[in-house]
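Under my numbering, residues 3 to 166 are what the sequence shown spells out, in order.
Here the structure is laid out as structure tokens; the discussion comes afterwards.
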Amino acid sequence: MMLRLLAFVGGLAGAGTLSQFPEFSQQYLQRLGGQVDALAAVTADFDASAAKAGMDREKALDSMTGTEFLGFRQDDMRNAFTRFDRLSADLTLLRAAGPVERVFMPQRFADTDLFKATLAEFKPAVPVTLTGLTTSGIGFLGGWAAVMGLLTLIATPFRRRAPR
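Have a look at this one:
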């Protein structure tokens with residue numbers, strides 16, 4: 003009986019937590035879109051400057067040498083281009099996915115700065131949409147199964163064996 007009660011509590015915890023995911027993912031997606039737009043502007047500006055100088059992006063980056071500052075700036079720009087590519091790919095896939103599908107794409111929420119900023123502004127709310135209720139159900143089942151499985155593993159060595 004205690005095992006089932008603890009599993010039920012685990013299910014409720016999972017439901018409560020995962021029910022917030024659709025709104026959190028929507029806010030993350032909005033911030034992600036803003037980051038991609040900002041990085042797209044930086045990338046376009048850099049590429050335009052490189053083109054004016056008769057260079058492509060890689061040649062322009064390679065020309066940023068000679069001083070410590072230019073070396074740092076070169077690294078900054080390479081990091082910005084890499085981040086732009088990664089965030090653009092994440093944005094494309096997250097926009098194509100539905101709110102429930104996003105639950106199964108945690109690797110697309112991997113930008114820690116963006117995640118922390120979204121979490122800092124996020125306010126939990128009671129889910130009243132079908133999506134919120136669906137993710138609550140998934141969370142309940144996941145929490146229940148995780149707690150039940152863990153408790154079963156812990157309790158198995160202590161169970162009495164039936165007489166033969």
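Don't be surprised by glycine CBs; every beta carbon is placed ideally from N, CA and C.
Given 8 Å, three or more beta-carbon pairs between the segment 68-86 and the segment 34-45: yes
heavy atom of the ligand ZN below 7 Å from Leu143 C-beta: As for the ligand ZN, it is missing from this structure, which has no ligand bound.
Residue burial classification, Pro159 (beta-carbon count within 10 angstroms, cutoff 16): On the sequence shown, position 157 is the one that residue 159 refers to. Looking at its Cβ environment, which holds fewer than 16 other Cβ atoms inside 10 Å, Pro159 is exposed.
Length of the line joining the Cα atoms of Phe111 and Leu34: Walking along the sequence shown from the start, residue 111 turns up at place 109. Walking along the sequence shown from the start, residue 34 turns up at place 32. Distance between the alpha carbons of Phe111 and Leu34: 9 Å.
Presumed contact (8 Å Cβ cut-off) between Ala9 and Leu132, rounded CB distance: For the purposes of this step, residue 9 is taken as the residue at position 7 of the sequence shown. For the purposes of this step, residue 132 is taken as the residue at position 130 of the sequence shown. The Cβ separation is near 26 Å, so there is no contact.
Reduced DSSP secondary structure (H/G/I, E/B, other) of Asp58: On the sequence shown, residue 58 is found 56 positions in, with the first residue counted as 1. The answer is coil: DSSP assigns Asp58 none of H, G, I, E or B.
Ser21 vs Gly134 beta-carbon contact at 8 Å: Stepping through the sequence shown from its first residue, residue 21 is reached at position 19. Stepping through the sequence shown from its first residue, residue 134 is reached at position 132. Yes.
Close beta carbons around Ala148, own chain, < 8 Å, minus the five adjacent residues each side: Taking the sequence shown and counting its residues from 1, the one referred to as residue 148 is at position 146. Closer than 8 Å at the Cβ level, and outside the excluded window around Ala148, lie Gly12, Gly16.
Range covered by the alpha helix (DSSP H) that runs through Arg6: Residue mapping note: residue 6 aligns to position 4 of the sequence shown, counting from 1. 4-20 is the extent of the alpha helix (DSSP H) around Arg6.
Beta-carbon proximity list for Leu143, same chain, < 8 Å, skipping 5 on both sides: Start at 1 with the first residue of the sequence shown, and residue 143 comes out as number 141. Cβ within range, chain order: Gly13, Gly16.
Cα-Cα separation, Phe74 to Thr84: One-based indexing of the sequence shown puts residue 74 at position 72. One-based indexing of the sequence shown puts residue 84 at position 82. So the alpha carbons of these two residues sit roughly 15 Å apart.
Boundaries of the alpha helix (DSSP H) in which Val102 is found, first to last residue: What you label residue 102 is simply residue 100 of the sequence shown in a count that begins at 1. Here the alpha helix (DSSP H) through Val102 covers 101-104.
Distance CB(Asp113)-CB(Leu89) smaller than 8 Å: Position 111 of the sequence shown, counted from the first residue, corresponds to residue 113. Position 87 of the sequence shown, counted from the first residue, corresponds to residue 89. Yes; because the gap between Cβ atoms is below 8 Å, this pair is in contact.
From Thr67, Phe23, Met57, residue whose alpha carbon lies closest to that of Val102: As a first step, residue 102 is located in the sequence shown; it is residue number 100 there, counting from the start. It is Phe23.
Local Cβ density within 10 Å of Glu70, reported as buried at 16 or more and exposed below that: The sequence position of residue 70 within the sequence shown is 68, counting from 1. With fewer than 16 Cβ atoms within 10 Å of its Cβ, Glu70 is classed as exposed.
Reduced DSSP secondary structure (H/G/I, E/B, other) of Arg161: Mapped onto the sequence shown, residue 161 falls at position 159. In this structure, Arg161 counts as coil in the three-state DSSP scheme.
Every unbroken alpha helix (DSSP H) within the segment 72-131, with a cutoff of 4 residues, ordered by chain: 101-104, 114-123
Residue burial classification, Gln37 (beta-carbon count within 10 angstroms, cutoff 16): Locating residue 37 in the sequence shown gives position 35, counting from the first residue. By the 10 Å Cβ count, Gln37 comes out buried.
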